[in-house]
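Accompanying notes for the structure given below.
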Amino acid sequence: MRTSQLAALAVSIVSMNTVVSNSVLAGSTTTTTTTTTTTTTATSPSVPVGWLNTGSTSILAGGKASLSWGITYPSVVTDHVTITNTNTVTTDEKLDVEVRVLGAGVTVSNTSGSNLSFVPTEAQMSISGASYNRIFYGTNSNVKPSHIVYSGTLSKGASLRFGGRYFYNGSWGSNYTSSSGTNNVRTLVNGETPPTTYPLINAPTLENFIKPYLDSTGKVKIGPMDVIVFMELTHTDAQRYNQGYDLQDMVLLVTFKTKN
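The sequence shown begins at 523 in this note's numbering and counts up by one.
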């Protein structure tokens, strides 16, 4: 219903503007014949856009203008993938995918509890049940959100799972993945709220790299064909009420594109 209302509004606006334009050009009232077509693509922008074609470069007074137009609506990622258990993404069709790292937020402090510093953190990804492979390793200073750490084409029914761990004082922390049976890896879409026990947007531990991807109410603010992956790598499910359970230890942005 939302799509139909948008279509009606867009068509009425286009039609109104067209009649005014024709009257100015012709100097008299003209009769218009309209043909509407509606198309949908997943790579369109976040608002409907359209095109208008008169089929001629000029219209004589008393002539008829044959008009056609089309409206392109943005898709949303859940039209093309299925998210299960809040941690596994399965494609419903053949799709291109790109993965970026937004931030790596595991920190340690000195004995006085001050001077927080980031520690090396690893991000992993598994495709269709294969082994988890490293797609990133480094501290937050090594993160470049514009850099694509993985790109490829996924067939219909392919599954994406993610994981991570940190390295400190000569040893690895616990390795949490989508397959661990815990809630340490969470995958969300635009408009959803990170499942912390307090609003993440107001959390004292909120990292700067997360702020651009949350709105003023704390909901996820990303593109319509994106999913964002939050990981908690320093706390267990039993510690979810701890202030440090903030799902910011590794954050990935996964962007899907349809195959034309």
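Even for Gly, the Cβ is constructed at its ideal location relative to N, Cα and C.
Keep in mind the model is a prediction, meaning the values are calculated, not measured.
Secondary structure of Leu710 (DSSP, three-state): strand. Taking C-alpha positions only, Gly713 is separated from Ala583 by approximately 51 Å. Per DSSP, the unbroken beta strand (DSSP E) holding Arg683 starts and ends at Ser681 to Tyr690. Around the beta carbon of Gly685, 16 or more other beta carbons sit within 10 angstroms, so the residue counts as buried. Annotation: the region 579-606 contains the following complete segments of the beta strand (DSSP E) (minimum length 3 residues), in chain order: 586-596 and 603-606. For Asp771, no beta strand (DSSP E) segment is defined, and its DSSP state is neither H nor E.
By alpha-carbon distance to Gly592, the top candidate from Asp748, Trp573, Asp771 and Ile657 is Trp573.
With a contact defined as Cβ atoms closer than 8 Å, Phe778 and Val599 qualify at about 6 Å. In summary, Val742 is buried, with 16 or more beta-carbon neighbours lying within 10 Å of its beta-carbon over all protein chains present. Separation of Pro726 and Arg683 (C-alpha to C-alpha, rounded to the nearest whole angstrom) is 29 Å. Taking all protein chains in view, the Cβ of Val571 is surrounded by fewer than 16 other Cβ atoms within 10 Å, so the residue is classified as exposed.
Secondary-structure assignment with DSSP links Phe778 through a beta bridge to Val619. Residues Thr719 of the same chain have their beta carbon placed closer than 7 Å to that of Tyr763, with the five preceding and five following residues left out of the count.
Leu589 and Gly577 have their C-alpha atoms some 7 Å from each other. In this chain, Ala760 is not harboured by any beta strand (DSSP E), its DSSP state being neither H nor E. Ser700 and Thr709 have their C-alpha atoms spaced approximately 10 Å apart. For Phe731, no beta strand (DSSP E) run applies, since DSSP gives it neither H nor E. In this structure, Tyr688 sits near Thr643, with a CB-CB distance shorter than 7 Å.
Counting the other CB atoms within 10 Å of its CB gives Asp768 a total of 16 or more, which places it among the buried residues. In chain order, Lys616, Leu617, Asp618, Val619 and Lys781 place their CB closer than 8 Å to the CB of Thr675, counting only its own chain and leaving out the 5 sequence neighbours on each side.
For Thr613, the closest C-alpha among the options Phe658, Asn664, Arg656 and Asp748 is that of Asp748.
Listed in chain order, the non-local C-beta contacts of Gly660 below 8 Å within the same chain comprise Ala626, Pro642 and Thr643, local neighbours out to five positions each way being set aside. A direct Cα-to-Cα measurement between Glu729 and Trp694 gives close to 22 Å. Going by C-alpha positions, Gly651 is about 58 Å away from Ala587. Contact between Asp759 and Thr715 does not hold, since their C-beta atoms are separated by about 18 Å, which reaches or exceeds 8 Å.
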